[in-house]
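Under my numbering, residues 2 to 513 are what the sequence shown spells out, in order. All C-beta atoms in this analysis are idealised placements derived from N, C-alpha and C, irrespective of residue type, glycine included. Down below is the structure, laid out as structure tokens.
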Amino acid sequence: MRHLSVVMLMVVLAVAGWCLGQATQPAASAPATAALVIPKGELGPNYIDGSFGFSVRPIAGARIDRRKRTVEGRLQLAQFARLEVAWSMAVRLWATARPVDAMAASDALMADLGPHYPDLRVARAEAVKIAARDAVRLEATFSAEGRTWLRQQAVIPLRSRDYIQLVLTTPADDRDVAERSFGQIVESFTIARTEVQQQQLDDALERGTALLQSLAGAPGKIAGQALDQPLYLRVVREGTPVGFFEIRERAATIERSDGLQVLQRAWLFGSDGSVQYVQEDKFLANDLTCDEWRNVVQLMPSPQVDPKQRLVVSIEGGIRRNDQIVVDYTDQVGVSDKQTKAIQVEPSYAAALWPLLLPRLVDLSKPELYAFSMYDSDRRGLILRVFRVVGPVRVLAGGRRVSAVRIEDSEGLLPPVSEIDVDEKGRPVRVSAGPVEMTVATAAQVEQEFGLQVKAAQARFRETAGLPPPSAAAGSQGATGGQPKTSAPPRSNRNPPAPGGNRGASRSPGTR
């Protein structure tokens, strides 16, 4: 199915975040049939983690799961699985106050797996050099599900008390190719940031945290940034117009908190006839102690992919109160169960609407670097987002060349880098990420170009949902006149646990 994945699109004025994820994770979109022809042990392209600053080559043909979760007491950053050959690779973060040598790593492995697999045997535990750092390599076997398994593991110091743990689990019958493959995986591991870049990030985090603290003490500053008119952005992919975004803002009060509410919606049309409608509602309180968001993605696959034309709906909602975020999500309404995840945040945490708001709050005449920890829907966790104010540029927007200020957006200063070009008031005029570009447009331009497509899509959505046509008095909504009346999912719980906490300064990004 060829369609635009727009949940990530919405994260960075929608497009930038989506392209960032797509460009760095080619394995995620590889068709399952392709994995059948890839030999065991072959490696894929580099997997880059911009938040923690490393890269490694995973097993080729694998399905990638980038959702952050705790596994064996450690934070799993990514998993690469080839179910058809029973191979699995994981990348985890191990935070420990004690140095990890061969004995400590072996003891930890026994403590993790021993209670579950009584015949666990560590056959190898030795000190090695990985990425010019003193590391440990382990090898163990155990029995489960009627077969013997081989587990290979490397523990590599990252910084301070953090270690990266590489884990490859395969059938023991594949030992020869698995050992050769893991050796190549270990050799491919690199630290992707220099000490100079790391210092730049530390300084940017302090700068970003200081900005957040100053805004929290400025009553009404956030709500005062609301746009007085709707903003429209025309979306082009590889030179082909594919849809548009509409952004509306207003000062609002939610549960006795005054702040800024941002409503975003998008229509995106795939070249195969698929259609996506996305709506996102975001709120940020003036004092920055609470924010929430809710996005709904409704996908109508192409008739070739799904002749029955069933509407696929996914929902995500999140609420932040003080030092905790609670996220509710379901990947497909009616098929997957709703899941809930609680995440602790640090003083460097910035809300979901921050990429849209930041250019209006900083000095655009001064080149500078700002870093924040922000929630990422693809990871179901926090990542390190970096914004660099570059300086003045001339860009083509709305059919004419205009002056703008460029802001670069990346994860941890590593590629890919998206461009956000804004006017003197910090309003976006152009956003570019990989093959996708958005430029400012008028409501009339959007209506003229996409109005008929939107009306046709609305009719398809209504028919699929079993809803009657609109009354003659109401008429059919055009591109800039409304949303499909297909579903009204309930709002996420507005009353999650909200423990307090110390919001003092911290140099470590909240990327757990």
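Margin query: Rounded to the nearest angstrom, what separates P172 and M90 at their Cα positions?
Written below: 13 Å
Item checked: Option in G271, R251, L415 and D422 with minimal Cα separation from L397 -> D422
Item checked: C-alpha gap between A211 and R321, whole angstroms -> 20 Å
Notebook entry, point to check: Below 8 Å, can you find three or more Cβ-Cβ pairs linking the stretch 59-79 to the stretch 367-384?
Noted result: yes
Checklist line | Same chain only: Cβ atoms within 7 Å of L121, ignoring 5 sequence neighbours per side | finding: M111, L114, G115, A141 and F143
Check: Starting from S215 and walking both ways along the alpha helix (DSSP H), at which residues does that stretch end?
Finding: E196 to A217
Next item on the list: Please decide whether Q280 counts as near chain D, where near means a Cβ-Cβ distance under 7 Å.
Entry: Protein chains in the displayed structure number just one, and chain D is not present.
Notebook entry, point to check: In whole angstroms, what separates the C-alpha of A124 from that of L415?
Noted result: Taking the straight line from one Cα to the other gives about 37 Å.
Notebook entry, point to check: Is it the case that the Cβ atoms of A217 and L261 are separated by a distance below 7 Å?
Noted result: no
Next item on the list: Closer than 6 Å by C-beta to A514: which residues in its own chain qualify, once you throw out the five before and the five after it? Chain order, please.
Entry: For the chain, the structure presents residues 2 to 513; residue 514 sits outside this window and is missing.
Note to self: Let's see if you can read the secondary structure: which residues bound the alpha helix (DSSP H) around Q325?
What the structure shows: Where Q325 is concerned, there is no enclosing alpha helix (DSSP H), although the beta strand (DSSP E) it sits in stretches over Q325 to T331.
Margin query: Just to confirm the assignment, what range does the alpha helix (DSSP H) spanning A444 have?
Written below: A444 to A466
Notebook entry, point to check: Which same chain residues, not among the five before or five after L300, have their C-beta less than 6 Å away from its C-beta?
Noted result: Apart from sequence neighbours up to five positions away, the residues of its chain that approach L300 with a beta-carbon distance below 6 Å are Q277 and V313, ordered along the chain.
Notebook entry, point to check: Can T97 be considered in contact with the ligand MN, in the sense that its beta carbon sits closer than 6 Å to one or more heavy atoms?
Noted result: Of the ligands one can find in the structure shown there are none, so the ligand MN has no counterpart to examine.
Check: Taking C-beta to C-beta, are A103 and V137 nearer than 7 Å?
Finding: Yes; because the gap between Cβ atoms is below 7 Å, this pair is in contact.
Check: Does the stretch 184-193 come close enough to the stretch 164-171 that 3 or more CB-CB pairs lie under 8 Å?
Finding: Because the criterion of three Cβ pairs below 8 Å is met, the stretch 164-171 and the stretch 184-193 touch.
Item checked: Those residues which DSSP pairs with K342 across a bridge -> V328
Next item on the list: Determine the DSSP secondary structure at F55, reduced to helix, strand or coil.
Entry: strand
Item checked: Own chain partners of S107 with C-beta closer than 7 Å, once the 5 adjacent residues on each side are dropped -> V123, A126 and L139
Notebook entry, point to check: Any contact of the stretch 397-406 with the stretch 427-436, i.e. 3+ C-beta pairs under 8 Å?
Noted result: Yes: the two stretches touch, three or more of their Cβ pairs being nearer than 8 Å.
Check: Bridge partners of R266, per DSSP?
Finding: E247 and Q280
Notebook entry, point to check: Quick one: what's got a C-beta closer than 7 Å to G221's C-beta in the same chain, skipping five residues either side?
Noted result: N287
Notebook entry, point to check: In whole angstroms, what is the alpha-carbon distance linking S52 and E412?
Noted result: Between S52 and E412, the C-alpha separation is close to 6 Å.
Next item on the list: Note down, in chain order, each residue of its chain lying with its Cβ closer than 6 Å to the Cβ of S182, except the 5 sequence neighbours on either side.
Entry: Excluding five sequence positions before and after S182, the CB atoms of its chain that fall closer than 6 Å to its own CB belong to G42, given in chain order.
Next item on the list: Please report the Cβ distance between P46 and R58, rounded to the nearest whole angstrom; I am assuming they are in contact, meaning their Cβ atoms lie under 8 Å.
Entry: 7 Å
Margin query: Taking 7 Å as the threshold (C-beta atoms), are Q454 and F270 in contact?
Written below: yes
Check: DSSP on P356, reduced to helix/strand/coil?
Finding: P356 falls in the helix class under three-state DSSP.
Item checked: Where Q154 falls: helix, strand or coil (DSSP) -> Q154 carries a strand assignment under DSSP once its states are collapsed to helix, strand and coil.
Note to self: Nearest by alpha-carbon distance to A133: which of T149, P158 and A145 is it?
What the structure shows: P158
Next item on the list: May I ask you to report which of helix, strand or coil DSSP gives Y376?
Entry: strand
Check: Would W268 pass as a contact of K283 if the rule is Cβ separation under 7 Å?
Finding: no
Check: Touching or not, the stretch 458-473 and the stretch 244-262, by the rule of three or more beta carbon pairs under 8 Å?
Finding: no
Notebook entry, point to check: Beta-carbon separation of G209 and F451 under 7 Å?
Noted result: Taking 7 Å as the Cβ cut-off, G209 and F451 do not qualify as a contacting pair.
Item checked: Status (buried if at least 16 other CB within 10 Å, exposed otherwise) for D135 -> exposed
Item checked: Buried or exposed (CB count within 10 angstroms, at least 16 for buried), M2 -> Residue confidence is low: M2 scores 32 on pLDDT, short of 50, so the model does not pin down where it sits. Its coordinate-derived value is still stated next. Classification for M2: exposed.
Checklist line | Where the beta strand (DSSP E) through L234 begins and ends | finding: L232 to R238
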